[in-house]
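Peer 1:
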Amino acid sequence: VVFAEDGLATESIAVTLTNTSPSDDPKSGGGTYRVYGRLIVPADSAIESVTLDGVPLSEKSSKKKGPTEPPYLANEGNGESRILGVALDVPRGQHRQLVISYRRQVPLTFLGNRSTYDLFVQKQPGILHTDLIVDVTFPIFWQSRTVVAGKQSFLANQTRLEYNTSLTENKQFTIKFSK
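Under the numbering used here, think of the first position of the sequence shown as 1059, with each following residue one higher.
(1) Within this structure, are the beta carbons of V1167 and T1232 separated by less than 8 Å?
(2) Span of the beta strand (DSSP E) holding Q1230?
(3) Express the C-alpha separation of V1059 and S1070 in angstroms, rounding to a whole number.
(4) Quick test of your reading: E1075 and L1142, contact by CB under 8 Å. State the CB separation rounded to the nearest angstrom.
(5) Helix, strand or coil: how does DSSP classify S1119 here?
(6) How big is the Cα-Cα spacing for F1196 and I1105?
(7) Measure from the alpha carbon of L1156 to the alpha carbon of each residue in T1068, Y1130, H1187, A1072, then state which is nearest.
(8) Give me the DSSP bridge partner(s) of D1147.
(9) With a 10 Å radius around its C-beta and 16 neighbouring C-beta atoms as the bar for buried, classify R1203 as buried or exposed.
(10) Taking only the alpha-carbon atoms, compute the straight-line gap between V1194 and K1234 and give it to the nearest angstrom.
(11) Spatial neighbours of Q1216 within its chain, please: C-beta separation below 6 Å, excluding the five flanking residues on both sides.
(12) Which ranges does the beta strand (DSSP E) cover as unbroken runs of at least 3 residues, wholly within the region 1129–1205, from first to last along the chain?
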């Protein structure tokens, strides 16, 4: 997350998926891993880019009849938030990296020179743990007053907070800023 001086934020999520199947034999549970993941972002988010291994993903056409073969992007809105669905395949023994970047259209609001930023990261069901890095950069004239991330805290310097862990459960991050 990168905050500009006016409080607008650009947020990026990078996910690396690895298929460690020992064989392509379906009887062993091996083969290509087909994924359909969803990212829920605030309704005011303007999507800047969605890439798979550095290549932009195209949006699924609603006019096409029949199933659409991965990879593709589906933009599903529900009013209070936007839901981005991404379908992709990860062949046996390979890695794929999905990167989604978006810009918030509503700035972080400061009341009495104080503001709170909340970030919720949901653990993917069925996966034991996922490496998680949360990196927040903010203007030099802002100060982070309180950082809550479960029982652990961020590593901090003057304009950056970093949190690195293994995601074994849902995490709620609350960062209080003052200026």
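Beta carbons are placed, not taken as given, at the ideal position from N, Cα and C, and that holds for glycine.
Peer 2: Concretely, from the data shown:
(1) Position 109 of the sequence shown, counted from the first residue, corresponds to residue 1167. Position 174 of the sequence shown, counted from the first residue, corresponds to residue 1232. At residue 1167 the sequence reads Thr, which differs from the Val that was named. No, the pair does not count as a contact, with Cβ atoms beyond the cut-off.
(2) Locating residue 1230 in the sequence shown gives position 172, counting from the first residue. Its beta strand (DSSP E) spans residues 1229–1236.
(3) Here residue 1070 is taken as the residue at index 12 of the sequence shown, counted from 1. Here residue 1059 is taken as the residue at index 1 of the sequence shown, counted from 1. The straight-line gap from Cα to Cα measures roughly 7 Å.
(4) Numbered from its first residue, the sequence shown carries residue 1075 at position 17. Numbered from its first residue, the sequence shown carries residue 1142 at position 84. Note on identity: in this sequence residue 1075 is Leu, with Glu being the wrong assignment. About 16 Å separates the two Cβ atoms, so there is no contact after all.
(5) Indexing the sequence shown from 1 puts residue 1119 at position 61. Here S1119 sits in coil by DSSP.
(6) As a first step, residue 1196 is located in the sequence shown; it is residue number 138 there, counting from the start. As a first step, residue 1105 is located in the sequence shown; it is residue number 47 there, counting from the start. Their backbone Cα atoms lie some 21 Å apart in a straight line.
(7) Translated into the one-based positions of the sequence shown, residue 1156 becomes position 98. Here the closest residue by C-alpha is A1072.
(8) Taking the sequence shown and counting its residues from 1, the one referred to as residue 1147 is at position 89. Partner(s): R1092.
(9) By one-based count along the sequence shown, residue 1203 stands at place 145. It is exposed - the Cβ of R1203 has fewer than 16 other Cβ atoms within 10 Å.
(10) For this step, residue 1194 is matched to residue 136 along the sequence shown. For this step, residue 1234 is matched to residue 176 along the sequence shown. Approximately 12 Å between the Cα atoms of the pair.
(11) Locating residue 1216 in the sequence shown gives position 158, where the first residue counts as 1. Nothing meets the Cβ criterion.
(12) 1130–1135, 1139–1148, 1153–1162, 1172–1179, 1188–1195
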